[in-house]
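Chemist: So the protein sequences, as listed, match chains A and B.
Oh and the first sequence: position 203 is 203 in this note's numbering, straight run, nothing missing.
Here this note's numbering runs 1000 ahead of the position in the second sequence, where the first position is 1.
Protein chains: 2
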Amino acid sequence: MTLIDGKATATAIKAEIAAEVARMVADGKKRPHLAAILVGHDGGSETYVASKVKACEECGFKSTLIRYEDDVDEATLLEAVDRLNRDEDVDGFIVQLPLPRHISEQKVIEAIDYRKDVDGFHPINVGRQSIGLPCFHSATPAGIMTLLDRYNIPTKGANCVVLGRSNIVGKPVATLMMQKGYPGDATVTVCHRATRNLEEVCRQADIIIAAMGVPGFVKGDMVKEGATVIDVGTTRVPDATRKSGFRLRGDVEFDEVAPKCAYITPVPGGVGPMTIVSLMRNTLLAGQKAIYK
Amino acid sequence: MTLIDGKATATAIKAEIAAEVARMVADGKKRPHLAAILVGHDGGSETYVASKVKACEECGFKSTLIRYEDDVDEATLLEAVDRLNRDEDVDGFIVQLPLPRHISEQKVIEAIDYRKDVDGFHPINVGRQSIGLPCFHSATPAGIMTLLDRYNIPTKGANCVVLGRSNIVGKPVATLMMQKGYPGDATVTVCHRATRNLEEVCRQADIIIAAMGVPGFVKGDMVKEGATVIDVGTTRVPDATRKSGFRLRGDVEFDEVAPKCAYITPVPGGVGPMTIVSLMRNTLLAGQKAIYK
């Protein structure tokens, strides 16, 4: 069994990006600049945004954090988006989700200029990804593809079972896994709460990508010998032994599943760090105007 | 075995649309107006465009056909697209594909105002469909969903195998079949040329949607008893007994497969007429500004 080390892979890629940025700066170009809008003080969101700001430093990017309180109104947020759209120094930006209920996430996402949409959530980037055109790939699916690539995990003709059909993981990673080329060319099955015989479907999988958000959902008897298991779950569960009072749990019952696997990602330290690295890569591409002019 | 009559369903829906248009006109609104650009004289394209013009008449739409010869240059075609984008009388338009090789189809598709893109090929519509937002659904997948709906074919939890991963059928119909609600909520597997054990995968399917473009690909022994088979194939094969010199063949070996099916679409007269009807429905929605203002 090979443990897929997302943290080490992320560190290596950030170093590659930093070297690229150093070259850009030496050539007299400006540093890529990522901005983030954070609304409120949700613990998870605070952590994610702090990780993103730190990753920007590691990559040599300029970063800007714009904060609003929970009670910010939609119009104010849309104005902030519009300012970032028009700010020529900002190459890409994200609005950290989730947003408070009184704000339409979809409206905010669609207000972002797709050429600065480094999260890859705007319908134009989603559509271009589906068609197979150059675009900002959504961060988690792109991170998964990079892990498969860096570990040379065979995907052509593989039975790939995706658990979950969310817009930010399940659907886009299914699209990427079925596309022509490597990593890709897999036979992809997307499962969800309406799926029958889910255990049996999983047992036929060469690759399982678990993105249900249900801690410990994938048990040992659902995985065949030699499978590759990618765990996208990151649910906070209470843990009195931690200072924070919680720990992250994946969708996979790691102790049962790992011994059967050819490759498996841990939680934390698997897909999570790669999601942030994908955001960094998109920001680099935005700074280079490599996808959109 | 129930033969799914796409032609009769299409006729019924066109009558519903015509009634709606009559109401609109009685209310003093203008008739929906579909324009089509046809380049060259490809036999298939001529037939499709003629069918679309005829369907417009049946629906009470105004239609305009704009023709160019094979040697039209890309700039001229893009100007024609731009004129239709700006023509306030035109609610929706299509550029009939394929285009001659010296013209970039993707460039032309992206030049179309997505609010008039009644074929649903523009990245914004593709992305919105994937996310599950209101949009112009691509015509063939929408036609398939309508047939499943009108025949009350159960889809929730069904194993749906999609053969083919094209941008205009395979990928979007997979997305629609996995979405929440009816028709949808199916467990969807997308197969293609890299798929291993394809026969076995098909034998497990409750619903097969065949969109490979390989005549007679799906044989009797690949289909389980009681399955629903939707045949999207429309390959022209030589037939000396026909005045035209050819006939249309589907991807399914109909004579072998039909006796095992609960439901099956014939070729012709199955999905084909529904594709045109979906285009009509999109044009109606465009005329009503029901999706985009």
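Positions of the beta carbon are idealized from the N, C-alpha and C atoms, including for glycine.
So which residues on chain B does N125 of chain A lean against when the C-beta distance must stay under 9 Å?
Modeler: P1123 and G1127
Chemist: Please report whether the beta-carbon of P1100 of chain B lies at a distance below 9 Å from any beta-carbon of chain A.
Modeler: no
Chemist: Are the CB atoms of V1039 of chain B and I1103 of chain B within a distance shorter than 9 Å?
Modeler: yes
Chemist: For K1243 of chain B, count neighbouring C-beta atoms within 10 Å of its own C-beta (all shown protein chains included) and say buried if the count is 16 or more, exposed if not.
Modeler: exposed
Chemist: Under DSSP, the alpha helix (DSSP H) around I1013 of chain B begins and ends at which residues?
Modeler: G1006 to A1026
Chemist: Let me know if T1155 of chain B comes out buried or exposed under the rule of 16 or more other beta-carbons within 10 Å of its beta-carbon.
Modeler: buried
Chemist: Considering only C-alpha positions, which residue in the set B:K1289, B:A1205, B:Y1182 and B:G1216 is nearest to C1261 of chain B?
Modeler: Relative to C1261 of chain B, the option among B:K1289, B:A1205, B:Y1182 and B:G1216 whose CA is nearest is B:A1205.
Chemist: Under 8 Å, with one C-beta from each stretch per pair, do the segment 82 to 96 of chain A and the segment 34 to 52 of chain A reach the 3-pair mark?
Modeler: Contact holds: three or more Cβ-Cβ distances are below 8 Å.
Chemist: Taking one C-beta from the segment 181 to 199 of chain A and one from the segment 1190 to 1202 of chain B each time, how about it: are there three or more such pairs within less than 8 Å?
Modeler: Judged by Cβ distances under 8 Å, the segment 181 to 199 of chain A makes contact with the segment 1190 to 1202 of chain B, as three or more pairs qualify.
Chemist: From which residue to which residue does the beta strand (DSSP E) around L163 of chain A run?
Modeler: N159 to L163
Chemist: What do you reckon, are the CB atoms on V277 of chain A and A55 of chain A nearer than 9 Å?
Modeler: yes
Chemist: So if DSSP puts C1191 of chain B in a beta bridge, which residue, or which two residues, is it bridged to?
Modeler: B:L1163
Chemist: Do three or more CB pairs link the segment 1058 to 1065 of chain B to the segment 1010 to 1030 of chain B at distances below 8 Å?
Modeler: yes
Chemist: For S130 of chain A and chain B, any beta-carbon pair shorter than 9 Å?
Modeler: Cβ-Cβ to chain B under 9 Å: yes for S130 of chain A.
Chemist: Nearest-angstrom Cα distance between P1172 of chain B and P123 of chain A?
Modeler: 14 Å
Chemist: Run the CB neighbour count on G28 of chain A, radius 10 Å, all protein chains shown included, and call it buried at 16 or more, exposed below.
Modeler: exposed
Chemist: Any beta-carbon of chain A closer than 9 Å to the one on D1185 of chain B?
Modeler: yes
Chemist: Compare the C-alpha of R1101 of chain B against each of B:I1131, B:E1074 and B:G1269 and name the closest.
Modeler: B:E1074
Chemist: Using 9 Å as the limit for Cβ to Cβ distance, is R1189 of chain B near chain A?
Modeler: According to the sequence as given, residue 1189 of chain B is Thr; it is not Arg. Contact with chain A is found for T1189 of chain B, since one of that chain's Cβ atoms lies less than 9 Å from the residue's Cβ.
Chemist: From the DSSP secondary-structure annotation, give me the bridge partner or partners of C261 of chain A.
Modeler: A:A227
Chemist: Output needed in chain order: residues of the segment 1189 to 1221 of chain B with a Cβ under 9 Å from some Cβ in chain A.
Modeler: Result list: T1189, V1190, C1191, H1192, R1193, A1194, T1195, R1196, N1197, L1198 and V1201.
Chemist: Tell me whether M1 of chain A is buried or exposed, calling it buried when 16 or more other Cβ atoms sit within 10 Å of its Cβ.
Modeler: Exposed, by the Cβ-count rule.
Chemist: Just to confirm my understanding: we take L294 of chain A, look at its own chain, exclude 5 residues before and 5 after, and list those with CB closer than 6 Å. What are they?
Modeler: Any answer about residue 294 of chain A is impossible in this case: the structure gives chain A only from 1 up to 293.
Chemist: Is the Cβ of A290 of chain A closer than 9 Å to any Cβ of chain B?
Modeler: no
Chemist: Does the beta carbon of T9 of chain A come closer than 9 Å to any beta carbon on chain B?
Modeler: no
Chemist: Taking only the alpha-carbon atoms, compute the straight-line gap between M1222 of chain B and Y1263 of chain B and give it to the nearest angstrom.
Modeler: Note on geometry: alpha-carbon atoms of M1222 of chain B and Y1263 of chain B lie some 15 Å from one another.
Chemist: Do P268 of chain A and L248 of chain A have their beta-carbon atoms positioned less than 9 Å apart in this structure?
Modeler: yes
Chemist: By the three-class DSSP mapping on this structure, what secondary structure does V169 of chain A have?
Modeler: coil
Chemist: Mind checking who A1211 of chain B pairs with in its DSSP beta bridge?
Modeler: Answer is none; A1211 of chain B lacks a bridge partner.
Chemist: Taking Cβ positions, are D231 of chain A and D251 of chain A nearer each other than 9 Å?
Modeler: yes
Chemist: Taking Cβ to Cβ, would you say P1032 of chain B is nearer than 9 Å to V1021 of chain B?
Modeler: yes
Chemist: Identify which residue in B:T1234, B:D1149 and B:E1253 has its Cα closest to the Cα of G1044 of chain B.
Modeler: B:T1234
Chemist: Skipping 5 residues on each side, what residues in its chain have a beta carbon closer than 6 Å to that of M212 of chain A?
Modeler: L163, G164 and D251
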